[in-house]
Structures are given as C-alpha cells and as structure tokens.
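Numbering (the working numbering), first residue to last: 6 to 247.
Even glycine gets a Cβ: it sits at the ideal position worked out from N, Cα and C.
Given the structure is predicted, the values throughout are model-derived calculations rather than measurements.
First the structure, in the form of structure tokens, and then the observations on it.
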Amino acid sequence: MHNTHPQFIVLLGPPGAGKGTQAERLSGALAIPTISTGEMLRQEGRSGSLLGAQIQTLLDAGHLVSDELIQKVVAQRLAQPDCRQGCILDGFPRTATQARFLDQLLAKMGFGAPIVFDLAIAPEELVARLSLRRQCPLCDRTFQVLPGAIETCPHDGASLVPRPDDAPETIRRRLRIYADHTSEIVRFYQNRGYHRINASQPADHVTSKVLGILGNAPAGTNGLKRPVPASQHLSALSPVAH
Ligand code: AMP
C-alpha cells in the first residue's frame with residue numbers, strides 16, 4: 006500500500022534551462038528525492054568500469070546513451086524506498102520511447118502518470134548561460150559563475166571546472182538532439198499534466214510558479230510537504246541547471 010499522494014514530477018527543457026536548479030529547490034520543498042540521469046551517468050563514467058568508459062565517451066560528445074540502458078538505470082532507481090513518495094526526474098525522459106516507458110513503469114508500480122513541467126527558454130539565452138556554467142569535480146554540483154568571481158565550490162572548496170560537454174561544438178549538438186526529440190515528447194504529454202513554464206524568469210519565480218501549480222493540482226496529486234525555502238540571493242555562485 007502506498008502512502009498518501011506520491012508525486013512524480015518530470016522536468017523537461019533544453020540543457021541550461023534550469024532543470025538542475027529547480028530539481029534541487031523542488032526536492033527541498035517537497036521532501037522527495039531528485040533523480041538526475043546525467044549525474045548518475047557522470048558518476049558511472051568516473052567509476053573506472055568498462056561501461057563507465059563507454060558512457061563517458063558518449064557524454065563528452067554530447068550524444069544520448071541508449072534508451073535501454075537509461076531505462077534500466079531509472080527503473081532500478083525508482084524501485085528504491087526513498088521514491089515511494091515520488092521523485093523529481095531531471096533529464097529523463099529525453100525521448101518519446103523513454104516517456105512511454107516511464108508511464109508503463111509508474112503504472113506497474115501502482116502510481117499515476119507524472120506531472121510535467123517544460124522549462125522553456127530562448128536559445129540565445131541558453132548559450133550565454135552554458136558558457137558561464139561550471140561544475141565541481143568532487144560533488145558534481147553545477148553553478149552559474151559571475152565573470153570575475155572566484156570559482157570554487159561553496160560545499161567542498163574544490164576549483165570549479167567547465168563541463169566537458171559544455172564546449173561550444175558539443176552544446177550545439179546537445180541542443181540539436183534536444184530539439185529533435187522535443188516535439189514528440191511534448192505531443193506525448195500534452196493535454197495531460199503538462200505545464201509550460203517561462204524559464205527566463207529568475208529561478209525563484211520559476212520555483213514559485215511550479216509549486217503554485219502543484220498546490221492547485223487535483224486532490225491526490227498534491228504532495229506539498231514543506232513551504233518553499235527562503236529565496237537564496239544571487240551571490241558569486243548560484244546553482245544552475247544541467
Ligand atoms: P544532463 O546532465 O541532463 O545534461 O545530461 C548529460 C548527458 O547525459 C546527456 O547529454 C546525455 O549524454 C546523457 N543523458 C542524461 N539523461 C539521459 C537520458 N534520459 N537518455 C539518454 N542520455 C541521457
């Protein structure tokens with residue numbers, strides 16, 4: 006028997022739209038975990054395994070890993086006890102096949118379809134954001150750096166580095182791949198729990214908007230557990246999306 010109101014939230018949006026930032030904020034506000042497939046794959050890439058090396062090659066080039074592989078990873082993760090109250094999916098699904106798989110998986114687990122937030126943003130803004138994106142090599146958190154700011158991770162002090170897949174050529178490929186799959190995924194989710202959010206607004210506004218929609222969701226889909234955390238001021242470093 007599942008507990009009250011489990012909520013499965015999908016964050017769609019191109020690289021740089023703020024999915025990672027919103028996932029972290031929503032996870033805190035709703036007390037449910039975030040599943041970031043990109044982060045899980047990067048971890049595997051660092052593990053030194055043969056599979057990890059193959060994954061890393063795909064990641065560095067900005068290509069997607071296969072549907073079969075990522076679906077297996079997500080199914081295993083969703084089966085963990087901490088997902089019983091729901092979770093936030095950052096980076097999954099990325100293809101229509103994955104979207105169909107997720108519906109079937111949730112149904113098999115006794116849950117309803119996910120609530121989908123599509124973080125929409127103009128491509129020009131994405132390129133600007135991604136060029137100022139840095140990552141901590143130790144904890145994998147991603148940050149938006151201000152020009153001239155000290156680039157160290159506020160959590161563990163490590164020097165931040167650009168993500169290899171944020172190289173201009175790779176960014177272009179990733180945006181192209183995203184665009185190739187978007188219309189199919191949007192078609193799949195449209196008319197059922199699909200919400201398009203303007204992601205050019207400050208991160209706080211985006212979070213409030215999403216929480217507002219979740220708060221107004223029909224009974225049985227509202228998993229709000231804690232108030233939205235106090236807004237963080239934009240300092241030298243502020244977390245940004247994957
Ligand atoms: P992200 O951190 O979400 O930007 O993901 C980084 C990279 O991980 C992507 O460019 C893909 O190579 C891979 N990846 C993440 N999620 C998926 C997915 N759902 N399907 C296929 N590849 C993925």
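Query                                                                                                                                            : Result
If I follow the unbroken alpha helix (DSSP H) through R181, where does it start and stop?                                                        : P173 to Y194
Can you grab the Cα-Cα spacing for the pair L56 / V78, in whole Å?                                                                               : 13 Å
Would the beta-carbon of P38 be found less than 7 Å away from any heavy atom of the ligand AMP?                                                  : no
Return the first residue and the last residue of the beta strand (DSSP E) that V150 is part of.                                                  : T147 to V150
What are the residues that DSSP puts in a beta bridge with D123?                                                                                 : L17 and R201
Measuring straight from C-alpha to C-alpha, what distance separates G43 and A118?                                                                : 22 Å
Assuming G198 and D123 are in contact, meaning their beta carbons sit under 8 Å apart, how far apart are those beta carbons, in whole angstroms? : So it is not a contact: roughly 11 Å between Cβ atoms.
Would you report the Cα separation of A84 and C141, rounded to the nearest angstrom?                                                             : 28 Å
Return the CA-CA distance between A224 and P169, expressed in angstroms with no decimal places.                                                  : The predicted model places A224 with a pLDDT of 44, which falls under 50 and marks its position as unreliable; any figure quoted below should be read in that light. The straight-line gap from Cα to Cα measures roughly 43 Å.
Below 7 Å, is the gap between the Cβ of D170 and the nearest heavy atom of the ligand AMP?                                                       : yes
Should I75 be counted as a contact of the ligand AMP given a C-beta to heavy atom distance under 7 Å?                                            : yes
Among the residues of its own chain, which have a CB less than 8 Å from the CB of L180, if the five just before and after it don't count?        : P19, P20, P128 and L131
On the three-state DSSP scale, how would you describe T157?                                                                                      : strand
For the ligand AMP, any of its heavy atoms closer than 7 Å to the Cβ of G153?                                                                    : no
Would you kindly work out how many angstroms separate the C-alpha atoms of M2 and G153, rounded to a whole number?                               : The structure shown does not extend to residue 2, since the chain spans only 6 to 247, so no value can be given for it.
Are the region 96 to 106 and the region 201 to 217 touching, with three or more C-beta to C-beta distances below 8 Å?                            : no
Give me the Cα-Cα distance between Y183 and A101, rounded to the nearest whole angstrom.                                                         : 12 Å
Hey, quick one: how far does the beta strand (DSSP E) through L94 stretch, first residue to last?                                                : G91 to D95
To the nearest whole angstrom, what separates the beta carbons of L110 and A80, a pair I think is in contact under 8 Å?                          : 6 Å
Is the beta carbon of F148 within less than 7 Å of some heavy atom of the ligand AMP?                                                            : no
For I93, which residues in the same chain have their Cβ closer than 6 Å to its Cβ, ignoring the five residues on either side in sequence?        : I14, A28, L31, S32 and T39
Would the beta-carbon of Q59 fall within 8 Å of that of Q103?                                                                                    : no
Using a 10 Å radius around the Cβ and a threshold of 16 neighbouring Cβ atoms, would you call P86 buried or exposed?                             : exposed
Give a single yes or no on whether Q27 has its beta carbon closer than 7 Å to a heavy atom of the ligand AMP.                                    : no
Could you pull the start and end residues of the beta strand (DSSP E) that Q140 belongs to?                                                      : R138 to Q140
Alpha carbons only, please: which of G91, K214 and F193 is nearest the one belonging to F106?                                                    : F193
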